[in-house]
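Novice: Structure below; questions to follow.
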Amino acid sequence: MSIIRRTAPAFLLTGAIAMLATGCVAGENAPKPAAADDASGSSAAEWSTDSVTVDWATYNPLSLIVKDQGLIEKALGDDVDVEWVQSAGSNKANELLRSGSADVASTAGSAALFARSNGSPIKVIDIYSQPEWSAIVVGADSNITDVEQLKGKSVAATKGTDPYFFLLQALEAAGLTLADVEVQNLQHADGRAALDGGSVQAWAGLDPIMAAAEVESGDKLIYRNVDFNTYGFLNATEDFITNHADVAQVVVDAYEEARAWALEHPEETAELLAEVAAIDPAVAKTVIEERSNLDVSGVPGDDQIAVLEKIAPVIVDSGDVAGGEAAVTAALESIIEDSFAKAATSK
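Numbering (mature numbering (1 follows the signal peptide of the UniProt record, and there is no 0)), first residue to last: -26 to -1, 1 to 321.
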């Protein structure tokens, strides 16, 4: 019997998805840095690694705060080198994780499930937002007003990211399939450029680039659906979780500290986004206050699994997962590692 089935209009998994009973590799059982006396008699913290690489992304406002305020560096001190790398999209963050170029990186939930389904050994260790960051966008002078009119048109989208999976769901809701459009696989910023340049007729957009396109180019959002957007996942490699749980806990602690600060300082958060993303402050304010719900639990669990259950059939039908339905189901059952966030939010 097929595990994944379709029921219009939602996508559902038949049967209950069993939550993975993970071993306690972190949280309260995480190894603590031990104090060691150096030759001068002073004590220094000993960590399980001398370096950690973490991503930052304009679609992840908390990452900007963590980086700007040096929260990880403050906690680890001089004993651990913290390297920051930029993710231009969830697909790039997944490339960093898969290649070992990053220990922790931020993606959309759909992108994390897609990556794990294709064998990337990652797990979600914290939730950074519940955003409405994707929509279908057309140019300022376009006569297209609904998704049905995209049939036969060229659409820009970044494969392996929330906007791409948003496009697939939007097409199905309109009675279309991927075969009805010509998808141009472009990175998010290039997708906007292609739309404004006229080489595509629509774009599956991502904030804050999408919000900037509205203000700067007059581009129009013809289809929005918050239910088609998945959560913001902070992911770590299984190697990092297993062998460097103490440092992983520091990263998640920093994220929860950043969340508390962002909720108390929304204007400053928007100002930081505007500066880093080089966008108008008014655009950044829209992204933070209207499209980025940061006031959510950082602990990954049932809410995220419920959303991923809806996107799972879309991922299967995309044909981009070699193992098909079985691989996606296995990824669903094993993607959560909640011990770090539970420990951080209990403090």
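Glycine included, each C-beta is placed from N, C-alpha and C at the ideal position. Only a predicted model underlies this, so the values are computations on that prediction, with no experimental measurement involved.
1) When the distance is taken between beta carbons, is Ala210 closer than 8 angstroms to Ile99?
2) Tell me which residues share the same chain as Leu50 and place their Cβ nearer than 8 angstroms to its Cβ, disregarding the 5 neighbours each side in the sequence.
3) Measure the alpha-carbon distance for Gln123 versus Gln158 and round it to whole angstroms.
4) Shortest alpha-carbon distance to Thr303 belongs to which of Leu87, Phe214 and Ala232?
5) Roughly how many whole angstroms lie between the Cα atoms of Ser313 and Gly171?
6) Sort out for me which residues DSSP pairs Tyr197 with in a bridge.
7) Tell me which residues share the same chain as Val200 and place their Cβ nearer than 8 angstroms to its Cβ, disregarding the 5 neighbours each side in the sequence.
8) Ser84 and Ile285: beta carbons closer than 8 angstroms?
9) By the 10 Å Cβ neighbour count, where 16 or more other Cβ atoms means buried, how is Lys97 classified, buried or exposed?
10) Which residues in the same chain as Leu145 place their Cβ atom closer than 8 angstroms to its Cβ, once the five residues preceding and following it in sequence are excluded?
11) Where Ala186 and Glu249 are concerned, what is the direct C-alpha to C-alpha distance, given to the nearest angstrom?
12) Check for me: the beta strand (DSSP E) holding residue 338 runs from which residue to which?
13) In terms of alpha-carbon separation, which member of Tyr205, Ala31 and Asp24 lies closest to Ala251?
14) Identify every run of the beta strand (DSSP E) within the region 150 to 209, keeping only runs that are complete inside it and at least 3 residues long; order them along the chain.
15) How would you label Asp53, buried or exposed, when you count the other beta carbons within 10 angstroms and need 16 or more for buried?
16) Got a sec? Which residues, its chain only, sit under 8 angstroms from Ser103 by beta carbon, not counting five neighbours each side?
17) What is the DSSP secondary structure of Gln43, counted as helix, strand or coil?
18) Candidates Ser292, Ala301 and Leu306: which alpha carbon is nearest Thr135's?
19) Hey, would you say Val281 sits closer than 8 angstroms to Ala315, going by beta carbons?
20) Between the Cα of Asp276 and the Cα atoms of Ile310, Ala228 and Gly297, which residue gives the shortest distance?
21) Use the C-beta contact count for Pro182: other C-beta atoms within 10 angstroms, 16 or more gives buried, fewer gives exposed.
22) Quick one: grab the DSSP three-state call for Ala31.
23) Output the boundary residues of the beta strand (DSSP E) element that contains Ala131.
24) So, with DSSP's three-state summary, where would you put Glu2?
25) Can you round the beta-carbon distance between Val129 and Ala62 to whole angstroms, since I take them to be within the 8 angstroms contact cut?
26) Between Arg72 and Asp213, what straight-line distance do the alpha-carbon atoms span, to the nearest angstrom?
27) Using only CA atoms, which one of Gly93, Phe139, Ser80 and Ala79 lies nearest to Ser108?
28) Would you grab the beta carbon distance between Tyr229 and Val40 for me? Rounded to a whole angstrom, and I think it's under 8 angstroms.
Specialist: Taking the coordinates as given:
1) yes
2) Ala19, Trp21, Val26, Val56, Val221 and Val224
3) 17 angstroms
4) Leu87
5) 47 angstroms
6) Ile110
7) Glu106
8) Yes.
9) When all chains shown are included, Lys97 counts as buried.
10) Here the set comprises Val121, Leu124, Thr151, Leu152, Asp154 and Val155.
11) 13 angstroms
12) Residue 338 cannot be examined here, being either before or after the span of the chain that is shown, -26 to 321.
13) Ala31
14) 156 to 159, 176 to 180 and 194 to 197
15) Classification for Asp53: exposed.
16) Asn34, Pro35, Leu36, Tyr205, Gly206, Ser266, Asn267, Leu268 and Val270
17) DSSP, read as helix, strand or coil, puts Gln43 in coil.
18) Ser292
19) no
20) Ile310
21) Buried, since its Cβ has 16 or more Cβ neighbours within 10 Å.
22) strand
23) Ser128 to Ala131
24) In this predicted model, Glu2 has a pLDDT of only 38, less than 50, meaning its place in the structure is not dependable enough to derive any value.
25) The pair is not a contact, with the Cβ atoms about 19 angstroms apart (cut-off 8 angstroms).
26) 11 angstroms
27) Phe139
28) 6 angstroms
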